[in-house]
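Protein chains in written order, with our numbering: chain A, -14 to 228; chain B, 4 to 245.
One structure is given here, and the rest of the page talks about it.
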Amino acid sequence: MRMLTFAKRSLKEILRDPLTLVFGLGFPGILILLLSAIQANVPVNLFEIDRLAPGMTVFGLSFMTLFSATLIAKDRESAFLIRLYATPMKAADFIFGYTLPIVPIAVAQSAVCYGIGLLLGMEPTVNIFYGLLFAIPIALFFVGLGLLFGSILNQKQVGGLCGALLTNLTAWLSGIWFDLELVGGAFQKIANALPFYHAVQLEQAVFAGNFPEVLPHIGWVLGYGVTAIVLAVAVFLEQMKKG
Amino acid sequence: MNAIEIRALTKKYKDTVAVNGLTLSIGEGELFSLLGVNGAGKTTTIKMLSCLIKPTHGDALLLGKSILTDANGVKSIIGISPQETAVAPGLSVQENLELMCGIYGFSREKTESRVEELTIECRLQDILGKKAGKLSGGWQRRLSIAMALIGEPKILFLDEPTLGLDVIARSELWDTIRALKGKTTVILTTHYMEEAESLSDRIGIMKNGKLIALGTAQALMEQAGKDRFEEAFVALVKEAKI
């Protein structure tokens, strides 16, 4: 009950921030439109919609870190969390209360990307549904990061780290825009060791119906996701103890 | 029974003793003010009493419930309005009050009646539909107190409730706080001497984590040999060799 009450509140706070709509829901969609316009005017296959739309959902999901971290940092700075710590709310109420509302937002975000893809000629298949389903573990990884950064950084730092750095890392190291093999070397090795590339590969494999290819990539995403969430919960609990 | 029994409460941070062996009793329905210069230990004391941080030594009983062994029990009988405004900025005033009702597990009927009661008690009728983040500092403080009261606390902690408010907003908040006297035990911290003098049944003055003076405003003025309370406070703090 408390958890749902708090989750409802978190959802309202996120959705009532106009930046959420502009950057979170709108920006990835605009990028799909722009890159598709470029694709229409070049003779080689740079941004095929069947690979671009699933990839862009992952870029969109990186904004979930910004949303959750901003909300938590704001609650810490305004002492709203202090007020709630002094109520009968338990640690689980806070953690799920911040995490649960991101799931429908993440699914909606992914649906916008796939929806724009459909408008641009992407084939409507049942795999879109699976794509939305597999977006959830990817979103949980980004929410785990949000919970972690929101617990240790202030709003300004969150804006810089999650709004600028993380979204750029996701964009460049994920292979959405270009094949990582074109760069190769250390760049590709680093990209392979991080979850962003695997998240994109996961979404693209699911949408293409190549389910055997899902397995190694979902392992990376879940591994990073579980690590981020465990770390975030530990840091959040430590912050609770400090009051 | 006293509302609060504090026994040798101590909080140490590495090399600093923020609160040092505080022992104090506060009666039910009493409005008690804690005064002190910055770093005296007022906020740390409130944080320990409201189970936000654990004491290094000592204990405190709030209506018989120990902050060490029954934190959940303590949290069910207290309310807190922190120094900062501590409201949900994207929610309306009504939604903020309803949120707190949900957190205390109230039914829909009880939520409706508590929101109505607090709206009248804290005179929030005209701003119920407004976003909390768009309110002036005075209205946010009033909402903050209403949110602290929504769980029907037996003990209410107000940490610098009128900080940064203009004279009118402060005076209006004083009326709200005065109305609680006798019904709720209120522990107030403030830097405004006239606030403590005007509102409090008793006042405790802290310095470097220790309670250096305790009594009514009148008794403290007599103790310091001063006619004005602010002068008495300054004299008592300066004279205390800690």
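Every residue, glycine too, gets a C-beta built ideally from N, C-alpha and C.
Using 8 Å as the threshold, is the segment 36 to 53 of chain A in touch with the segment 64 to 71 of chain B, meaning 3 or more CB pairs across them?
-> The segment 36 to 53 of chain A is not in contact with the segment 64 to 71 of chain B.
Quick one: which residues of the segment 89 to 101 of chain B get their C-beta closer than 8 Å to a C-beta of chain A? List them in chain order.
-> Under the 8 Å Cβ criterion, the segment 89 to 101 of chain B contributes A89, V90, A91, P92, G93, L94 and E98.
Mind checking S116/B: buried by the 16 CB within 10 Å criterion, or exposed?
-> Label assigned to S116/B: exposed.
Cβ contact check for the segment 76 to 86 of chain B and the segment 41 to 61 of chain B: 3 or more pairs under 8 Å | A contact between stretches requires three or more CB pairs, one per stretch, nearer than 8 Å, and the segment 76 to 86 of chain B meets this requirement with the segment 41 to 61 of chain B.
Provide the residue span of the alpha helix (DSSP H) that contains N23/B, from first to last.
-> Following the DSSP letters along the chain, one finds N23/B in no alpha helix (DSSP H) but inside the beta strand (DSSP E) bounded by residues T19 to G30.
Which of helix, strand or coil does DSSP assign to A64/A?
-> A64/A falls in the coil class under three-state DSSP.
Going by DSSP, name the residue or residues bridged to D162/B.
-> Beta-bridge pairing links D162/B to T192/B.
Relative to the alpha-carbon of F79/A, which residue among L146/A, A190/A and K(-7)/A has its alpha-carbon at the smallest distance?
-> Ranking L146/A, A190/A and K(-7)/A by Cα distance to F79/A puts K(-7)/A first.
Figure out for me which residue from K227/A, A219/A, V97/A and L69/A has the closest Cα to the Cα of M(-12)/A.
-> When K227/A, A219/A, V97/A and L69/A are compared, the shortest CA-CA separation from M(-12)/A is found for L69/A.
In or out: G204/A buried (at least 16 other Cβ within 10 Å) or exposed?
-> Exposed is the label assigned to G204/A, since fewer than 16 other Cβ atoms lie within 10 Å of its Cβ.
Nearest to I245/B (by Cα), restricted to the options A149/B, K17/B and V22/B | The shortest Cα separation from I245/B among A149/B, K17/B and V22/B belongs to V22/B.
From the beta carbon of P58/B, is the nearest beta carbon of chain A less than 8 Å away?
-> Residue-level contact by beta carbon fails for P58/B and chain A, as no gap is shorter than 8 Å.
C-beta neighbour in chain B for P201/A, strict 8 Å = So, not an interface residue.
Tell me, please, which residues DSSP counts as bridged to E98/B.
-> The partner list for E98/B (beta bridge, DSSP) is empty, contrary to what the question assumes.
Check each residue of the segment 134 to 151 of chain A: if its Cβ is closer than 8 Å to any Cβ of chain B, include it; give the result in chain order.
-> The segment 134 to 151 of chain A vs chain B, Cβ under 8 Å: nothing.
Candidates H194/B, A149/B, S147/B and H60/B: closest to I9/B by CA position | Ranked by Cα distance from I9/B, the first of H194/B, A149/B, S147/B and H60/B is H60/B.
Hey, is G228/A's beta-carbon within less than 8 Å of any beta-carbon in chain B?
-> By this cut-off, G228/A is an interface position.
Chain B beta carbons: is any one of them nearer than 8 Å to that of T5/A?
-> No, its Cβ sits nowhere closer than 8 Å to a Cβ of chain B.
With DSSP run on the structure shown, which of helix, strand or coil describes L85/A?
-> Reduced to three states, the DSSP call for L85/A is coil.
Based on Cα-Cα distance, which residue from S139/B, R145/B and I153/B lies nearest to W177/B?
-> Of the candidates S139/B, R145/B and I153/B, the one whose C-alpha sits nearest the C-alpha of W177/B is R145/B.
Does DSSP put A6/B in a helix, a strand or coil?
-> The three-state reading of DSSP puts A6/B in strand, counting E and B together.
Relative to the C-alpha of T84/A, which residue among F221/A, G228/A and G40/A is closest?
-> Of all alpha-carbon atoms in F221/A, G228/A and G40/A, the one lying nearest the alpha-carbon of T84/A is that of F221/A.
Kindly provide the ranges of any alpha helix (DSSP H) runs that are 4 or more residues long and lie completely inside the segment 88 to 142 of chain B, ordered along the chain.
-> Complete alpha helix (DSSP H) runs here, min 4: 96 to 106 and 111 to 124.
Between L216/A and L105/A, is the Cβ-Cβ spacing less than 8 Å?
-> With a cutoff of 8 Å on beta-carbon distance, L216/A and L105/A are scored as not near each other.
Is K246/B helix, strand or coil by DSSP?
-> The first residue shown for chain B is 4 and the last is 245, placing residue 246/B beyond what the model contains.
Per DSSP, T48/B is paired with what?
-> Looking at the DSSP assignment, T48/B forms no beta bridge with any residue, so it has no partner.
Burial state of R36/A, where buried means 16 or more other Cβ atoms lie within 10 Å = Taking all protein chains shown into account, R36/A has 16 or more neighbouring C-beta atoms within 10 Å of its C-beta and is therefore buried.
With distances taken from CA atoms, which of S(-5)/A, L207/A and E188/A is nearest P86/A?
-> It is S(-5)/A.
With 16 as the cutoff for other CB atoms within 10 Å, does E164/A come out buried or exposed?
-> The sequence as given places Asp at residue 164/A; Glu does not occur at that position. Its Cβ having fewer than 16 others within 10 Å, D164/A is exposed.
The segment 175 to 190 of chain A / the segment 118 to 127 of chain A touching (three or more Cβ pairs under 8 Å) | A contact exists between the segment 175 to 190 of chain A and the segment 118 to 127 of chain A.
The segment 78 to 102 of chain A: which residues have C-beta closer than 9 Å to a C-beta of chain B, in chain order?
-> Hits within the stretch, in order: D78.
T219/B, DSSP secondary structure in three states | Under the three-state reduction of DSSP output, T219/B falls in the coil class, being neither helix nor strand.
List, in order along the chain, the chain B residues whose C-beta lies closer than 8 Å to that of S63/A?
-> Simply E87, T88, A89, V90 and P92.
Compare the C-beta of R36/A against all C-beta atoms of chain B and say whether one is closer than 8 Å.
-> No, R36/A lies away from the interface with chain B (no Cβ there is under 8 Å from its Cβ).
Output the residue ranges of the beta strand (DSSP E) runs that lie fully inside the segment 132 to 168 of chain A and measure 3 residues or longer, sorted by chain position.
-> Annotation: the segment 132 to 168 of chain A contains no complete segment of the beta strand (DSSP E) (minimum length 3 residues).
How about the segment 124 to 143 of chain B and the segment 166 to 174 of chain B: do they share at least three Cβ pairs that are nearer than 8 Å?
-> Segments in contact, yes.
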